[in-house]
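Q: One structure follows; several queries about it will come next.
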Amino acid sequence: MDQSLLVFVTVAEKENFTRAAEELHMTQPAVSQYIQTLERMVGAKLLERSNKYVRLNKAGEIVYHHAKEILGLYTRMQCLVDDLLHTASGNLSIGASYTYGEYVLPHIIAHLREQYPLIKPTITIGNTREIAKLVASHQLDIGIVEGDFKHEKLYIESFAEDHMFVIISANHRYANRKELRISELCEETWIVREEGSGTREATEKMFAKFQFQPHSIMEFGSTQIIKESVEAGLGITLLSHWAVRKEISLGTLKALKINGIPVSRKFSLIMQATQFHTKATEVFLDILRKNEALPDLIRLSRE
């Protein structure tokens, strides 16, 4: 691995030569030397420096973006070679969109760690668009996203189904209605996720399916905030049954019965399109595909 790339990325992220030197267990002059070597190699200054900060300039941003990809590829190569001689172990970087990442993935990880304690997973949570970008740039080994996701450079595989319901507060005036028409909810305030979210995509598809357009929409960037807002009576929403199973069991939220709902969508895994995967990735994929941890979740949702 080109040590100068690692040093440069560390300086860029720490925004300080001294902090970068501490992180890398190097002297500050050594860090400066690596940066100068890299700048000579690319033929351009990469950093703006002052007494208060160190920041990337335009050339630095280009080099930083590609350096992250190169370092990710090197780490992956080393893991693949190490796997030839060892059992499943090492780091596994997983990204997931909010619904799966916050409400299902922790149970999958617990199952993984029970069977393969030498695997060290790290989890990144973001919306579908953000996770796909990180996988495409080699910063994540695998991503899990929601909805009908497409990407020309990534391998995509649907592995589980999700059901989404219209969710209201237990104190809502429709809480005791046995059945409703979607048209009766036109005057309600709908609370939706941000653009780029799989949940937002599913909500918009539901609106289009029923040729339905709410008079009032509020956009929040977190499923948890949406749940709290619905509980408080601020509006109604469309959410996965995984996201609201606890609140429904506690009686603070209710799922409405509406003809044509629940809405179904897929959870999909996304990866680089390659035949080479670390053993840690392979065993994680095997658990996902077999849905080995989901029976426990289904049981919990019914308790």
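If you use the numbering used here, the sequence shown corresponds to residues 1 to 303, in order. Note that the Cβ used here is the ideal one computed from N, Cα and C, for glycine as well. Keep in mind that this is a model prediction, so the values were computed, not measured.
#1: So T128 and G221 are in contact, right, with Cβ under 8 Å, and what is the actual spacing, rounded?
#2: Just curious, the beta strand (DSSP E) that I125 is in, first and last residue?
#3: Quick one: what's got a C-beta closer than 6 Å to L300's C-beta in the same chain, skipping five residues either side?
#4: With 16 as the cutoff for other CB atoms within 10 Å, does E161 come out buried or exposed?
#5: Could you tell me whether the stretch 87-96 touches the stretch 254-266, using the rule of 3 or more Cβ pairs below 8 Å?
#6: Can you tell me which residues form a DSSP beta bridge with T252?
#7: Less than 8 Å between the CB atoms is what I'm expecting for H138 and Q3, so what's the real figure, rounded?
#8: Give me, in chain order, the residues of the same chain whose beta-carbon lies closer than 6 Å to that of V104; leave out the 5 immediate sequence neighbours on both sides.
#9: How many Å lie between D148 and H277 at the Cα?
#10: Would you kindly report the start and end of the unbroken alpha helix (DSSP H) that includes K14?
#11: Quick one: what's got a C-beta closer than 6 Å to I298's C-beta in the same chain, skipping five residues either side?
#12: Once you ignore the five residues that flank L71 on each side, which residues in its own chain have a CB closer than 8 Å to its CB?
#13: Would you tell me roughly how many angstroms separate the C-alpha atoms of G233 and L239, rounded to the nearest one?
#14: Does the stretch 141-155 come close enough to the stretch 112-128 that 3 or more CB-CB pairs lie under 8 Å?
#15: Just confirm the distance between the C-beta atoms of F159 and R265, as a whole number of angstroms; I'd bet it's less than 8 Å.
#16: Specify, as a first and last residue, the run of the alpha helix (DSSP H) that M41 falls within.
#17: On a CA-only basis, which of T122, E102 and T99 is nearest G90? Give me that one, please.
#18: By a C-beta neighbour count over all protein chains shown, 10 Å radius and 16 as the cutoff for buried, is E282 buried or exposed?
#19: Pull the bridge partners of K266 from the DSSP assignment, please.
#20: Contact defined as beta carbons within less than 8 Å: I believe I287 pairs with H111. What is the distance between those atoms, to the nearest angstrom?
#21: Using 8 Å as the threshold, is the C-beta distance between L154 and A136 below it?
#22: Put Y74 into one of helix, strand or coil per three-state DSSP.
#23: I believe A175 touches H151 by the beta-carbon criterion, under 8 Å. Please report the beta-carbon distance rounded to the nearest angstrom.
#24: Helix, strand or coil: which one does DSSP assign to Y98?
#25: So what's Y155 in DSSP terms, helix, strand or just coil?
#26: Have a look at Q211, S216 and G196 and flag the residue whose alpha-carbon is nearest the alpha-carbon of T305.
A: Based on what the coordinates show:
#1: Between T128 and G221, the beta carbon gap of about 13 Å keeps them out of contact (Cβ cut-off 8 Å).
#2: It spans I119 to I125 - the beta strand (DSSP E) in which I125 sits, taken as one unbroken run.
#3: Note that L300 scores 39 on pLDDT, short of 50, meaning its location in the model is unreliable; the coordinates nonetheless yield the value given after this. Excluding its 5 nearest sequence neighbours in each direction, L300 has no C-beta neighbour in its own chain below 6 Å.
#4: Of the residues assessed, E161 falls on the exposed side of the cut-off, its CB having fewer than 16 other CB atoms within 10 angstroms.
#5: Cβ pair count under 8 Å is below three, so no.
#6: According to DSSP, which records beta bridges pairwise, T252 is partnered with nothing at all.
#7: Your pair H138 and Q3 does not check out as a contact, with CB atoms roughly 19 Å apart and the cut at 8 Å.
#8: Cβ contact annotation for V104 (same chain, cutoff 6 Å, sequence separation greater than five): W242, in chain order.
#9: One Cα belongs to D148, the other to H277, and the distance between them is close to 24 Å.
#10: Unbroken alpha helix (DSSP H) run through K14: Q3 to K14.
#11: Note that I298 scores 45 on pLDDT, short of 50, meaning its location in the model is unreliable; the coordinates nonetheless yield the value given after this. Excluding its 5 nearest sequence neighbours in each direction, I298 has no C-beta neighbour in its own chain below 6 Å.
#12: Cβ within range, chain order: M1, L5, L6 and V9.
#13: C-alpha separation (whole angstroms): 16 Å.
#14: The stretch 112-128, when compared against the stretch 141-155, does touch it at the 8 Å Cβ threshold.
#15: In this structure F159 does not touch R265 by the C-beta definition: roughly 13 Å separates them, more than the 8 Å allowed.
#16: Unbroken alpha helix (DSSP H) run through M41: Q28 to V42.
#17: Just measuring C-alpha positions, the residue of T122, E102 and T99 sitting nearest G90 is T122.
#18: Burial call: exposed.
#19: Secondary-structure assignment with DSSP links K266 through a beta bridge to E161.
#20: Taking C-beta atoms under 8 Å as the contact rule, I287 and H111 qualify, at a distance of about 6 Å.
#21: Contact annotation: L154 and A136 have beta-carbon atoms nearer than 8 Å.
#22: The answer is helix: DSSP assigns Y74 an H, G or I state.
#23: Contact doesn't hold; Cβ gap of about 41 Å is too wide.
#24: Looking at Y98 - three-state DSSP - the assignment turns out to be helix.
#25: Correct three-state label for Y155: strand.
#26: A query on residue 305 cannot be resolved here, the shown segment of the chain reaching from 1 to 303 and no further.
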